[in-house]
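Participant:
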Amino acid sequence: MLEVKRCLDPCSIAGSSANGRQGYGLQGSLSEGQVDCAAVIQGVGLEAELEVYVTGEQFAYLCPDRAAVLLSELRRSALEAGWDYRRHRIKAAEYCARSVPRGPRPVRRFTDVISGDETRGYSIGSGDGGVAFDRAQDDGLVAAVDGLVTVLTGTEGDVCLTIRSYRKAPPLALKGWDRVAEVGFVSKDGKPDIGPVLVADEPPPITVEGPGSYRVRVHVRGRGAAETVAPEMPAEHHLIVVFPGGSTKQRTFKNIEG
42 MLEVKRCLDP
52 CSIAGSSANG
62 RQGYGLQGSL
72 SEGQVDCAAV
82 IQGVGLEAEL
92 EVYVTGEQFA
102 YLCPDRAAVL
112 LSELRRSALE
122 AGWDYRRHRI
132 KAAEYCARSV
142 PRGPRPVRRF
152 TDVISGDETR
162 GYSIGSGDGG
172 VAFDRAQDDG
182 LVAAVDGLVT
192 VLTGTEGDVC
202 LTIRSYRKAP
212 PLALKGWDRV
222 AEVGFVSKDG
232 KPDIGPVLVA
242 DEPPPITVEG
252 PGSYRVRVHV
262 RGRGAAETVA
272 PEMPAEHHLI
282 VVFPGGSTKQ
292 RTFKNIEG
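Okay, here's the thing in structure tokens:
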């Protein structure tokens, strides 16, 4: 980011462009820089070239007025981009909430947009992430190792994630999902983390009975869809249902994924 200040010693201003053109040293005085600055101010459009071989501070020294304008434009663009992103996240979260099938009223619920990340997966709980991830890869969707559950996404882009917590197992619901599976894990502290996902709000504790053994039922659809990013709505949807249960057996109830 440009810092608008004119405090550099002209002797220290030096640089070179990608095409070998020398920058603004003492030997060449500042004539070349002053000419380029005038061209920029007149709107010739040398900003891109200047950014290649002149630092932000050097540009601010040579062209303080133009640097101030560019800095203002950058700040405004950043603010606008931030607001656009927030509006998209709110809109996408509302879309995700509408898109998940209805079910029994949970004790706790959470819906947001997450990123599949470069790992194409996320975890619930804590433990050896490497082992859980490898086993999830073998299964194709989910695996649990002690206190950690790993779920794989089909994309590095946006994913709708809904989590519902119950005090007992809700009825099995397969309609509208491509794949449904269930695993068991042990939450030692009763507050399993969900990560590595970036969400607007911190998810509530998903283990309603505190520390103990739980079942995690994973519903997914759209894992084979093309990757989506803002401003597109997510094409991949995940519903995680969590309830107390002592079994550690992994079960697959439905799988129509290609």
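In terms of my numbering, the sequence shown opens at residue 42 and continues consecutively.
Where is the CB? At the ideal position from N, CA and C, for every residue including glycine.
1) Look up residue 228 in the DSSP assignment and give the residues it is bridged to.
2) If you scan the region 142 to 184 from start to end, which runs of the beta strand (DSSP E) of 3 or more residues do you find wholly inside it?
3) Rounded C-beta distance between residue 166 and residue 193? I'm assuming under 8 Å.
4) Check whether the region 202 to 215 touches the region 272 to 290, counting contact only when three or more Cβ pairs, one atom from each stretch, lie closer than 8 Å.
5) Give me the DSSP bridge partner(s) of residue 288.
6) What does DSSP give as the partner residues of residue 278 in its beta bridges?
7) Report yes or no: do three or more beta-carbon pairs, one from the region 209 to 224 and one from the region 134 to 147, lie closer than 8 Å?
8) Can you tell me whether residue 288 is buried or exposed? The criterion is at least 16 other CB atoms within 10 Å of its CB, across all chains shown.
9) Which residue wins for smallest C-alpha separation from residue 135, given the options 119, 154, 195?
10) Using the rule of at least 16 other Cβ atoms within 10 Å of the residue's Cβ for burial, across every protein chain shown, is residue 198 buried or exposed?
11) Is the distance from the Cβ of residue 224 to the Cβ of residue 257 below 8 Å?
Facilitator: On the basis of the data shown:
1) DSSP, once it has assigned bridges, lists 253 as partnering residue 228.
2) Restricting attention to beta strand (DSSP E) runs no shorter than 3 residues, the region 142 to 184 encloses them at 149 to 156, 162 to 166, ordered along the chain.
3) With a Cβ gap of about 16 Å, residue 166 and residue 193 do not count as contacting.
4) Segments in contact, yes.
5) According to DSSP, residue pairing for residue 288 in a beta bridge does not occur.
6) 201, 262, per the DSSP bridge assignment.
7) Yes, since at least three Cβ pairs between the region 209 to 224 and the region 134 to 147 fall closer than 8 Å, the two stretches touch.
8) Taking a 10 Å sphere around the C-beta of residue 288, we find fewer than 16 other C-beta atoms and assign the residue as exposed.
9) It is 154 whose Cα lies nearest to the Cα of residue 135.
10) So residue 198 ends up on the buried side.
11) In this structure, residue 257 lies closer than 8 Å to residue 224 by Cβ.
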